[in-house]
Structures are given as structure tokens and as C-alpha cells.
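**Q** Below is a structure I'd like to ask you about.
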Amino acid sequence: MSGHAEVMARRGEIVRKSIGLDYARYVTGVLAFDYEGLLADTGYDVETVRALQARSAVGSTPLVELRNLTELVRSIAPAGRGARIFVKDEAANPSGSFKDRRASVSVHEARERGFDGVVAATSGNYGAAVASQAAKAGLGCIVVQEAFDSRGVAQPEIAEKTRACEAYGAEVIRLSVGPELFSVFLRVLEETGWFNASLYTPYSILGIETLGHELALQTRAATGAFPDVVVVTHAGGGNLTGTARGLRAAGAAEARVVAASVDLTGLHMASDRDFNRKSFTTGHTGFSIPFTTWPDRADVPRNAARALRYMDRFVTVTQGEVFYATQALAELEGLERGPAGNTSLAAAFALAQELPRDRTLVVQETEYTGAGKHPLAQLDLARRLGVGIERGDPRRSRPGESIVIPERPEQITVREVELDGLRRSYVANALASLDPETDLAEEDLDFLAAETRTRPDWVREAIDGIHAARG
Amino acid sequence: MGRSCRLPRLCWALVAERVAEGTWVELQRIVLEPEERAADLPEETRRVPLEMRVKGFLVRSAAVGEEAEILTPAGRRLQGTLDAVNPAYTHGFGPPVPELAGIGGELRARLRASRESGEA
Chain A
1 MSGHAEVMAR RGEIVRKSIG LDYARYVTGV LAFDYEGLLA DTGYDVETVR ALQARSAVGS
61 TPLVELRNLT ELVRSIAPAG RGARIFVKDE AANPSGSFKD RRASVSVHEA RERGFDGVVA
121 ATSGNYGAAV ASQAAKAGLG CIVVQEAFDS RGVAQPEIAE KTRACEAYGA EVIRLSVGPE
181 LFSVFLRVLE ETGWFNASLY TPYSILGIET LGHELALQTR AATGAFPDVV VVTHAGGGNL
241 TGTARGLRAA GAAEARVVAA SVDLTGLHMA SDRDFNRKSF TTGHTGFSIP FTTWPDRADV
301 PRNAARALRY MDRFVTVTQG EVFYATQALA ELEGLERGPA GNTSLAAAFA LAQELPRDRT
361 LVVQETEYTG AGKHPLAQLD LARRLGVGIE RGDPRRSRPG ESIVIPERPE QITVREVELD
421 GLRRSYVANA LASLDPETDL AEEDLDFLAA ETRTRPDWVR EAIDGIHAAR G
Chain L
1001 MGRSCRLPRL CWALVAERVA EGTWVELQRI VLEPEERAAD LPEETRRVPL EMRVKGFLVR
1061 SAAVGEEAEI LTPAGRRLQG TLDAVNPAYT HGFGPPVPEL AGIGGELRAR LRASRESGEA
């Protein structure tokens, strides 16, 4: 068997063969590339994606008004405040999450290109989505998961995803903790010659545009206007990027797109010890901060999920707040969903209090719930690992040490992640990816401005600041 | 468990424990030993091996703990140590959590109170 380093050295070639996209064609500078061209050349738009998704029962999910939660928000908000809250019930997709939208286009593309099967590296809902779509398309499927710690203890939510993938007839490669998962994934791609159903290809992102498009039109049908705020659970950036692009395609470009992540500050993503001390496996800062500030850390040469281009605001909530919101959704609205997908719901509870009552806020996803994939399973494991669980002020919680479940709805708040800081981190990461002597062309400055939603003069100033700080 | 046997009676015991060809099983394999792992890992991750588990149908009868081969649902043949036979899905919901149990009642009471006071 070849070692980790040897496989990683063949990475570029393996990935190129497994996607069939020539990313080099889109390079326009040392940093810059033609992002819109990369997406447009796939030939997919919202209408073609909607048509192919309809053939596999993906999409057209209900938009549900959360009247009782809205009433609860209004009972604690300042007078005249408390936007109407809706949720897009993405759990109604075939495998139970919006990830079916991503998988549907990737699997369609794999079949069109004559691949015999698809491979995905994911411990989350996306694995079940790829397995489900592959089953319907008659393709083979292999899912590579980071699933258990060195003591053999499986993360309960990932154990459920293992079961779901196997239920759809996929081979599931379960691994212990570590980023070398990527070399195992590459080896499987190399050995099988199958399609890389990466979360970060243009197909994956174009598949989500229908979500933003649908919710814009559904909101307008329900309220007479496009949504004012759309809250997106944010991890790798695909959900936010695709949804925002879909909103724009529908004409709802004015909707403010808010990213929401669970705060897991202090827990290391490659730590065998921390692995099961995370009660959320996605939608958390361990993914969202690194991917927002450098999207090209993905398993493809250029990530089509570029969240900083699309987000208007970024907030975090705590694990306890999301569990509380999950319980509230079940008991006040009769929807047992999540929990990870309810990250945006917890944030929405606080954000709706800022808005006038005649405004509309849309929580853009739910996900299925089940054994392992449930607050009870997560809290039970956390307690067994010695994580303290109590009712109280959630701001006192410490990821990996304590989960504090609010005592009152007023205790649900959002913490801002300043976009300016994220933008500067992005620029610093971009510079760090280059040889220090590299000169940036106008193209690259324009590209960095587009990436950070700023202007080239802001980029120049940020670069000067970074150089000055390095002395 | 011994891999070879000299006594006929013990051989029979091993034969009796053999898992039949075609049985749904799980293999275990070490992908990277600790010294082969990536350089920039946290200490607690670097000192343990990277381990893999995959399920499939046993290609030839074998006993738990022996080297074995499976045919996976994706049609691949993989080798490793036979680790579990028809392994159960053991994840569940666990016991109800007292810290969550009261939330619904509390929120319904809040809604009733605000409706009665005409605030909402």
C-alpha cells in the first residue's frame, strides 16, 4: 500500500481524472480565476437543475410558517419587533436533507460522463444523499467517513449516517480520526476510476441554487414579498453560496444572507480526544471559519463554494442554544428535525427580534432526525464523556467542557463574527499561499476584491497592513 | 485464539467457529501506523494508528481475528482482519435528558401567559 505522502503527491492528477474538469483553463492570475466561467461552462442553470432534480424527487420542499415560534419571539422582543419566521423543510428530500440537491447534479453528471460509480468523502448527510441518488441512477457508491475515535467510540450522528449509506447500498469506509482520510479517499478514486462527488465542485453548488430560488418564490407567494433575511447554517460554504446565488437568480438579491454556525472554539478538528466532545458534526466554526477565510482548502483545485462573496453577516450560537431551539421546534411547531440543521433556527430566534413585525425571515433548511442524530443521543454521549450539561446562561458554556441549555428564550442570542476580520484573514491566507516574491497583477487585486466584497483599494490597504504586521 | 492447531478436538472447535462464506461481516485494518501519520497532527492523534473498518460479504469462510477478504456492496474486494459478524447498528436515542424535558411545557406556558395578557 502506498503511503500518505506518496498518494498526496499524485493528488492533482487523481482529482483531475475523477472530476473531468480542467480547472487550469480558468486561471487568470496568480490568485485569480474565472469563477463565473467555471460555473457557467457546466451548462447547468436553475431551470435545468430543477428539471433533473424533479426526476429524482429532489426539491420542491414545503415552506412552513412557524407561527408559534414567531409569537414567542414577539412576546419577548421590543414593541413592534418580531419578524415572521418561516422554515424551508428540506427534510422532505429523499434522503432527508438539502444535500440531495448537491448530490443530484453530481450523480447526474457522473452518469452523463460514463462513470460507473461515485465516491464522496463525508461524515454527514451528504453521504446519504450521494448514496440515495447513486442508487436511483444505478451507479456504484463509496462513502469515506471519519467515524470513530481510537477507542472505537462512534460519533452517534455519524453512526446513523453509516447506517443510512448502507441502507442505500453504498460501501462505507469508516476511519478513525485524522486528516489522512483524504489520502484514503484519493486511493479509492485512483483504484476505482469513479467520479469524485466532491461537496465543492460547480455541480454541487449549482444543485443548491434551486433551494434559494424556491424559497424566494415561496416566500413571495406566502407574504407578497421576497424574504428580508435568510439564515443559513454555515460550514464549508456550499449551502450559503448556492442559496445566495439562487436568491439572486430569482430576483431576491436584496435579501440579507446571514451565516450561522455553532461555536466550537477551542476544539481541534484533527484531535482524537476532541472528536466525540463535539456534539455537532457540521454547521460549526471548526469548518466555517477556515473555509470562509480560505475556501481552496477543499478536495478540488478551486472551490465553487465561496461564502465570503455572498454573506452579509456571520453569527454564532452555542450548542445548548441549538438543542433548545430543536426542542422548541418539536414541541411548539410539531417538527422533530435536526439538530445540526437547526443552527440557523436558533440564530433566527434572536435575529427575528431585531426586525419589524412586517418583515420576513426564512430559516433555509431542516434535516431529518433519527437514532443517533438527535439531541438525546448527543447529550447522552457528552455526559458519558464528562461534559457538564446544565440549564443556565448559554454564554457560560465551554465547547468540550460544558453545554448550557437556556432556561428562558430570552437567553438565546447571537455572537457576531466580524466580516472585516474574516476578509483580512482571507487576504492573509491568499498571500500565504504564494511565494513571498510574487507580484500581484490588477487581475488578482480585482479577484481579491470580488472574493471579499470590497474594492481593490481596500485590498491594497489590507495587503500593506499584513506586510507591516509581519515587519 | 490460535491460528494453527495440533489437537483434533481443538481443530473442530475452530472449524465450528468459522464464519460461512457470503456472511455480512466487518473487516478492520490499520491504514497508517503512528510513525507513518501526517506530521502536523495533535499529539493524541499522532500516537494512535489510523484505523479503517469496512463491511461486506465474506469471500471465503474465516474465523474472527483471521485475515479475510470481503466483497463490498460497491463490488470491491478488500482484505483485512475479520472483526465482526453481521455487526449490529447500536446507535440509538439514549435516555431522555432531564435538561430538555421541561422546555416544551415552559414555552407553552409562556405563550399562554402572553396570549392572556394580550401582548403578542
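Residue numbers (our numbering), protein chains in the order written: chain A, 1 to 471; chain L, 1001 to 1120. Just so you know, even glycine gets a beta-carbon here, dropped at the ideal spot from N, CA and C. It should be emphasised that the depicted structure is a prediction, and the values quoted were computed from it without experimental measurement.
Chain A beta carbons: is any one of them nearer than 8 Å to that of residue 1114 (chain L)?
**A** Yes - at least one Cβ of chain A is within 8 Å of the one on residue 1114 (chain L).
**Q** Can you confirm whether residue 328 (chain A), when its beta carbon is compared against all beta carbons of chain C, has any partner nearer than 8 Å?
**A** No chain C appears in the structure shown, which is made up of the protein chains A and L.
**Q** DSSP has residue 284 (chain A) in a bridge; who is on the other side?
**A** Per DSSP, A:262.
**Q** If we define contact as Cβ-Cβ less than 8 Å, is residue 10 (chain A) a contact residue for chain L?
**A** Not one chain L Cβ lies under 8 Å of residue 10 (chain A).
**Q** Quick check: what's the CA-CA separation for residue 1078 (chain L) versus residue 173 (chain A)?
**A** Their backbone Cα atoms lie some 11 Å apart in a straight line.
**Q** With residue 158 (chain A) as the anchor, note down where its alpha helix (DSSP H) starts and where it stops.
**A** Residue 158 (chain A) -> alpha helix (DSSP H) spans 156-167.
**Q** Pop quiz: residue 1056 (chain L) and residue 1041 (chain L) are said to be a contact at Cβ under 8 Å. What is the actual Cβ separation, rounded to whole angstroms?
**A** Wrong, their Cβ atoms sit about 29 Å apart, outside the cutoff.
**Q** What's the gap between the Cα of residue 1 (chain A) and the Cα of residue 1036 (chain L)?
**A** Model confidence at residue 1 (chain A) stands at a pLDDT of 45, short of 50, so the residue's coordinates are unreliable; what they give is reported in the following sentence. Whole-angstrom Cα-Cα distance: 12 Å.
**Q** Could you tell me whether any Cβ in chain L is nearer than 8 Å to the Cβ of residue 339 (chain A)?
**A** Not one chain L Cβ lies under 8 Å of residue 339 (chain A).
**Q** Under 8 Å, do residue 338 (chain A) and residue 326 (chain A) count as touching if we go by C-beta distance?
**A** Yes; because the gap between Cβ atoms is below 8 Å, this pair is in contact.
**Q** Consider the C-beta atom of residue 1099 (chain L) and the heavy atoms of the ligand FAD; say whether any pair is separated by less than 7 Å.
**A** Looking at this structure, you won't find the ligand FAD or any other ligand, since it has none at all.
**Q** Go through the region 274-318 of chain A residue by residue and report every complete run of the beta strand (DSSP E) that reaches 3 residues or more, in order.
**A** If we require 3 residues or more, the beta strand (DSSP E) runs fully inside the region 274-318 of chain A come out as 313-317.
**Q** Among residues of its own chain, excluding the 5 on either side of residue 492 (chain A), which ones have a beta-carbon nearer than 6 Å to its beta-carbon?
**A** This structure does not reach residue 492 (chain A), given that chain A is present from 1 up to 471, and the question cannot be answered.
**Q** Tell me, please, whether the CB atom of residue 1085 (chain L) is closer than 8 Å to any CB atom in chain A?
**A** No, no contact with chain A.
**Q** List the endpoints of the continuous alpha helix (DSSP H) containing residue 233 (chain A).
**A** Unbroken run through residue 233 (chain A) is the beta strand (DSSP E), 229-233; no alpha helix (DSSP H).
**Q** Run through chain A and tell me which residues come within less than 9 Å of residue 1110 (chain L), C-beta to C-beta.
**A** Neighbours of residue 1110 (chain L) on chain A, chain order: 72, 75, 76, 408, 409.
**Q** By Cβ distance below 7 Å, which residues in the same chain neighbour residue 342 (chain A) in space, the five residues on each side in sequence not counted?
**A** So the qualifying residues of the chain are 322, 325, 326, 329.
**Q** Using 8 Å as the Cβ pair cut-off and three pairs as the minimum, do the region 91-110 of chain A and the region 357-371 of chain A touch?
**A** Touching, per the Cβ criterion.
**Q** Taking the alpha carbon of residue 393 (chain A) as the reference point, which residue from A:410, A:400, A:198, A:208 has its own alpha carbon closest?
**A** The shortest C-alpha separation from residue 393 (chain A) is found at A:410.
**Q** From the DSSP secondary-structure annotation, give me the bridge partner or partners of residue 356 (chain A).
**A** Beta-bridge pairing links residue 356 (chain A) to A:81.
**Q** Would you call residue 265 (chain A) buried or exposed, if buried means 16 or more other Cβ atoms sit within 10 Å of its Cβ?
**A** The residue in question, residue 265 (chain A), is exposed, as its Cβ has fewer than 16 Cβ neighbours within 10 Å.
**Q** Find the residues of chain A that neighbour residue 1081 (chain L), judging by a C-beta separation of less than 9 Å, and give them in chain order.
**A** Under the 9 Å cutoff, chain A gives no residues; its nearest Cβ is about 14 Å from residue 1081 (chain L).
**Q** Of all the residues that make up the region 1050-1062 of chain L, which are near chain A by a beta-carbon distance shorter than 9 Å?
**A** Taking 9 Å as the Cβ-Cβ cut-off against chain A, the residues of the region 1050-1062 of chain L that qualify are 1050, 1051, 1052, 1053, 1054, 1055, 1056.
**Q** Is there a Cβ of chain A sitting closer than 8 Å to that of residue 1027 (chain L), yes or no?
**A** Output row for residue 1027 (chain L): interface = no.
**Q** Spell out the partners DSSP gives residue 176 (chain A) in its beta bridges.
**A** DSSP, once it has assigned bridges, lists A:148 as partnering residue 176 (chain A).
**Q** Going by alpha carbons, who is nearest to residue 397 (chain A) out of A:263, A:299, A:346?
**A** The candidate whose alpha carbon is nearest that of residue 397 (chain A) is A:263.
**Q** At the level of alpha carbons, what is the spacing between residue 296 (chain A) and residue 1092 (chain L)?
**A** For residue 296 (chain A) and residue 1092 (chain L), the distance between alpha carbons rounds to 36 Å.
**Q** 8 Å is my cut-off, CB to CB: does residue 124 (chain A) come that close to chain L?
**A** No, its Cβ sits nowhere closer than 8 Å to a Cβ of chain L.
**Q** Residues of the region 275-303 of chain A with a CB closer than 8 Å to any CB of chain L: list them in chain order, please.
**A** Here the close residues number zero.
**Q** Along the region 407-438 of chain A, what residues have a CB closer than 9 Å to any CB found in chain L?
**A** Under the 9 Å Cβ criterion, the region 407-438 of chain A contributes 407, 408, 409.
**Q** Which bits of chain A does residue 1044 (chain L) rub up against, with CB to CB less than 7 Å?
**A** Within 7 Å Cβ-Cβ: 271, 272, 273.
**Q** In the structure shown, what three-state DSSP assignment does residue 327 (chain A) receive?
**A** Three-state DSSP puts residue 327 (chain A) in a helix.
**Q** What residue range does the beta strand (DSSP E) around residue 1079 (chain L) cover?
**A** Counting along the chain, the beta strand (DSSP E) containing residue 1079 (chain L) begins and ends at 1077-1085.
**Q** Counting only beta-carbon atoms, is residue 31 (chain A) nearer than 8 Å to chain L?
**A** Chain L, which has no Cβ nearer than 8 Å to the Cβ of residue 31 (chain A), makes this no.
**Q** If we define contact as Cβ-Cβ less than 8 Å, is residue 1018 (chain L) a contact residue for chain A?
**A** Not an interface residue.
**Q** Where do the N-terminal and C-terminal ends of the alpha helix (DSSP H) with residue 1067 (chain L) fall, by residue?
**A** It is not in any alpha helix (DSSP H) - residue 1067 (chain L) instead sits in the beta strand (DSSP E) that spans 1067-1071.
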